[in-house]
Amino acid sequence: MGFPKSIQDTVLVKCKRHCCLCGRNVGINIELHHIRQKADGGDDSEDNCIPLCFDCHASVKSYNKHHPKGHKYSENEIKQRREKFYEDISNIITSMLLSNDDYNKLENVMNNYGVLIESMIELDPCTETVSINFIDNLEGVAQNLKSFKYDFSNVDLEESKCIIIDKIHEIICLLYNTEYFHSLNDGRICFNNYSVNNYRKEMYNMRLMLRNAYLVFRNSM
27 MGFPKSIQDT
37 VLVKCKRHCC
47 LCGRNVGINI
57 ELHHIRQKAD
67 GGDDSEDNCI
77 PLCFDCHASV
87 KSYNKHHPKG
97 HKYSENEIKQ
107 RREKFYEDIS
117 NIITSMLLSN
127 DDYNKLENVM
137 NNYGVLIESM
147 IELDPCTETV
157 SINFIDNLEG
167 VAQNLKSFKY
177 DFSNVDLEES
187 KCIIIDKIHE
197 IICLLYNTEY
207 FHSLNDGRIC
217 FNNYSVNNYR
227 KEMYNMRLML
237 RNAYLVFRNS
247 M
């Protein structure tokens with residue numbers, strides 16, 4: 027059996043149907059994952075539950091302890107990230123009163139750049155190569171968001187937009203840092219394995235701030 031209905035309702039309200047790892051709003055495409063599996067002594071309590079999108083759920087479940095690759099999510103890490111996400115999303119204003127002009131600008135940003143920004147939030151360059159074209163497209167997003175047509179009168183949206191621009195630039199600088207990455211001959215860059223510890227902390231913090239700023243945009247629609 028899965029989690030009781032009362033616990034399902036509680037955690038879905040807390041996360042507002044967002045994945046607690048990647049931050050995406052996935053609606054009905056959400057799984058309630060047992061942090062400690064029942065086969066290992068886990069229970070159906072709220073403390074043992076984390077809402078995840080299908081992709082993150084598959085990633086968390088896919089680690090093979092007999093053939094370890096990468097770094098497995100620990101129970102402590104998952105719980106800390108869940109609680110931090112609950113706190114972050116509870117602080118986001120989901121019903122801001124927007125002018126028609128601001129709403130039209132917001133809709134334009136989401137339609138034109140939402141998918142690309144979400145791809146950056148989800149990207150883990152430690153496990154996959156990154157196309158230079160993708161990085162160039164990100165740079166284009168940041169440059170376009172600087173234009174006057176995307177100036178918001180709403181303070182929360184304007185501040186979040188500036189954070190998105192700054193974090194995109196910081197991520198691009200990190201991706202082009204030869205301490206962490208090297209170029210391949212096929213127009214992609216590849217992670218240097220020896221720099222994993224320094225890189226992960228920097229990239230995680232940047233992606234977290236990018237995600238939180240982007241959530242303000244998503245939850246204002």
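Going by the working numbering, the sequence shown opens with residue 27, and the numbers climb by one from there. For each residue, glycine too, the CB sits at the ideal point set by N, CA and C. Just so you know, these numbers come straight off a predicted model, no measurement behind them.
In this structure, the CA atom of TYR225 is about 10 Å from the CA atom of PRO151. Across the set CYS45, ASN55, GLU228 and ILE158, the C-alpha of CYS45 shows the shortest separation from the C-alpha of PHE111. A check of alpha carbon separations from GLU148 across SER88, ASP73 and ASP81 identifies ASP81 as the nearest. In the three-state scheme derived from DSSP, where H, G and I count as helix and E and B as strand, HIS83 is classed as helix. Between LEU58 and PRO77, the CB-CB gap stays under 8 Å. Note on GLY49: 16 or more other CB atoms within 10 angstroms of its CB, so buried under the neighbour-count rule.
Per DSSP, reduced to three states, the secondary structure at GLU196 is helical. With respect to ASN74, HIS60 sits close: the two C-beta atoms are nearer than 8 Å. Leaving aside the five residues that flank LEU201 on each side, the residues in its chain whose CB is nearer than 7 Å to its CB run, in chain order, PRO151, VAL156, ILE161, PHE207 and ILE215. Fewer than three Cβ pairs drawn from the stretch 173 to 180 and the stretch 229 to 238 lie within less than 8 Å of each other, which leaves the two stretches out of contact. A distance of 8 Å or more separates the beta carbons of ALA168 and ILE189.
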